[in-house]
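Take a look at the structure below.
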């Protein structure tokens, strides 16, 4: 094993910081950063390649190190780092002392394996990594078949999205695409699209049957869906609000709709 890294100026540490901070760097290298033993274990269970792992022995006890070694492939490089160095590259408080370099999956719409009756969650122009991560957790919990992001404003493997998803970005197939490609793909596969939007023609989501091939289409909290995508969808649905506010956080709204689809399919 290499000598412990004790300088924040180490070239490997500088490279990790660039990956953490720059989406262009992540896209160019096809790599991202996963922090946390739980998240990394989930990534490995999903078959994600881990070229290197950085461990702070002061934060990760021997038992945790042993668990981590068992989860990693034999060719994963292992580096020990000082606490000061780890705190330079860590991006969350209360970290457990594990940070890894992982290879981000590269998927296209045509690569998605679909069952005969798919349930797909669609996000348009998502820009907050926390919202993306929360929707991915919902997708994992509801066992959705894919999360498709149209014209994203954040990269899918932003470290903060990975953190917010608790690693579920690796358990659910996720793809970035354009609005036009999404609509053509849904038509090709016979998937009915339901736009969640606050419009006069929208009907309560409980009026609809989600037992067939279904795509639940969500917009941003600030602007909602673009008129082009909303008008191109087969139906427009709404979650009736009984209080003063007229909408929910996008991740909460997605969870409501996704689990209604799950309920109907189980029934």
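In UniProt numbering, the protein residues as written are 1 to 267. Glycine included, every Cβ here is placed at the ideal spot set by N, Cα and C.
Helix, strand or coil: which one does DSSP assign to residue 93? coil
Near residue 177, which residues of its chain fall below 7 Å by C-beta distance, leaving aside the five closest residues on each side in sequence? Result list for residue 177: 109, 148, 150, in chain order.
Can you tell me which of 165, 207, 68, 172 puts its alpha carbon nearest to the alpha carbon of residue 41? 68
Could you pull the DSSP bridge partners for residue 192 from this structure? 214
Tell me whether residue 218 is buried or exposed, calling it buried when 16 or more other Cβ atoms sit within 10 Å of its Cβ. buried
Could you check where the beta strand (DSSP E) with residue 99 kicks off and where it finishes? 98-103
Given a cut-off of 7 Å, decide if residue 46 and residue 170 are closer than it, judged by their beta-carbon atoms. At the C-beta level, residue 170 and residue 46 come within 7 Å of one another.
Give me the Cα-Cα distance between residue 305 and residue 158, rounded to the nearest whole angstrom. No answer is possible for residue 305: it lies beyond the span of the chain, which begins at 1 and ends at 267.
Just to confirm the assignment, what range does the alpha helix (DSSP H) spanning residue 257 have? Taken as a continuous stretch (DSSP letters only), the alpha helix (DSSP H) holding residue 257 covers 250-266.
Exposed or buried, which one is residue 7 when buried takes at least 16 other CB atoms within 10 Å? With fewer than 16 Cβ atoms within 10 Å of its Cβ, residue 7 is classed as exposed.
Can you name the start and end residues of the alpha helix (DSSP H) that residue 135 belongs to? 129-142
Between the beta-carbon of residue 155 and the beta-carbon of residue 23, is there less than 7 Å? Contact: yes.
With 16 as the cutoff for other CB atoms within 10 Å, does residue 206 come out buried or exposed? Exposed: under 16 other Cβ atoms inside 10 Å.
Residue environment, residue 245, which counts as buried when at least 16 other CB atoms sit within 10 Å: exposed
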